[in-house]
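Chains as they are written, first to last, in the numbering used here: chain F, 1 to 99; chain U, 101 to 199. This report refers to the structure that appears directly beneath it.
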DNA sequence: ATAAACAAGTTTGTAATACAAACCGGTTTG
DNA sequence: CAAACCGGTTTGTATTACAAACTTGTTTAT
């Protein structure tokens with residue numbers, strides 16, 4: 001018990017590897033479009049789509065739909081809440097894994 | 101893609117917070133019994149039991165059943181494979197979260 | 001013109017889970 | 001000897017993560 005338990009309460013939204021990767025990328029770029037995330041993560045389109053939706057539902061990512069010419073484009077950006085949750089997650093994990 | 105993908109391949113057996121906690125404790129003690137793990141992790145008996153079974157099935161933990169007087173006792177120890185997997189996991193996550 | 005291929009995503013189906021709650025075989029207590 | 005307790009295990013359920021199928025629109029070929 002004691003100060004072990006925090007690890008049991010890590011944010012599962014971020015803990016999922018695919019989403020951790022997405023959040024990491026979005027925390028560095030101000031905006032990223034779907035296709036960039038697609039190649040950068042190596043996820044399938046289906047899975048990238050569902051993970052982004054979940055991040056959006058949670059309020060960690062904001063999704064803006066525009067067009068690049070006639071072709072649809074989905075722009076993604078991390079929200080302040082997302083960035084905060086991401087930093088908190090990193091601190092928790094780092095602290096736990098240090099010895 | 102590139103050197104992001106390793107994070108997508110983290111060992112899910114260890115990545116699960118409850119098991120990460122169990123493995124962390126077992127990596128420090130040589131042996132731990134069920135009740136020690138129970139209080140130390142704060143998990144329910146049911147969940148501790150199933151997580152230990154999964155770790156055992158994976159070959160990361162060895163479980164020895166004995167008696168303390170007339171009362172059953174379950175002793176748990178990390179295996180070499182388990183320790184190796186645990187260290188690998190830590191390295192992967194640490195490396196990913198740096199930067 | 002219209003069919004076939006392509007682009008950019010979304011939705012659906014399924015199998016694998018994590019957790020809680022119920023259960024179980026023995027032991028001690030009232 | 002019944003009830004409570006110990007030390008767990010098994011079962012039931014709701015959530016998931018992923019793959020595969022689908023959708024809406026655009027471009028290319030015929």
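Every residue, glycine too, gets a C-beta built ideally from N, C-alpha and C.
For residue 115 of chain U, collect the residues of the same chain with a Cβ closer than 6 Å to its Cβ; drop the 5 residues on either side in sequence, then sort them by chain order. none
Using a C-beta cutoff of 8 Å, does residue 13 of chain F count as contacting chain U? No, its Cβ sits nowhere closer than 8 Å to a Cβ of chain U.
Quick one: is residue 128 of chain U buried, meaning 16 or more other Cβ sit within 10 Å of its Cβ, or exposed? exposed
Looking only at its own chain, which residues have a Cβ that is under 8 Å from the Cβ of residue 1 of chain F, when we skip the five neighbours before and after it? Residue placement at residue 1 of chain F is flagged as unreliable, the pLDDT there being 43, under the threshold of 50; the coordinate-derived value follows with that caveat. No residues qualify anywhere along the chain.
Just reading off the alpha helix (DSSP H) that residue 84 of chain F is part of, what are its end residues? 80 to 97
According to DSSP, is residue 54 of chain F part of a helix, a strand, or is it coil? Here residue 54 of chain F sits in helix by DSSP.
Jot down the residue ranges of each uninterrupted alpha helix (DSSP H) in the segment 121 to 168 of chain U, minimum 4 residues, whole runs only, in chain order. Fully enclosed alpha helix (DSSP H) runs of 4 or longer: 134 to 141 and 145 to 158.
If contact means a Cβ-Cβ distance below 9 Å, which residues of the segment 133 to 163 of chain U contact chain F? Cβ proximity to chain F below 9 Å picks out 139, 140, 141, 142 and 143 from the segment 133 to 163 of chain U.
Among the candidates F:70, F:78 and F:46, whose CA atom is the shortest distance from the CA of residue 60 of chain F? F:78
With residue 65 of chain F and residue 58 of chain F assumed to form a contact (beta carbons below 8 Å), what rounded beta-carbon distance in angstroms separates them? Not a contact, Cβ separation roughly 19 Å.
Residues, ordered as in the chain, of the segment 63 to 94 of chain F that lie near chain U by beta-carbon distance below 7 Å: 90, 93 and 94
Kindly indicate if chain U contains any beta-carbon less than 8 Å away from that of residue 18 of chain F. yes
How many angstroms separate the CA atom of residue 140 of chain U from the CA atom of residue 42 of chain F? 38 Å
Use the C-beta contact count for residue 172 of chain U: other C-beta atoms within 10 angstroms, 16 or more gives buried, fewer gives exposed. exposed
Residues that residue 97 of chain F contacts on chain U, provided the C-beta gap is smaller than 7 Å: 190, 193 and 194
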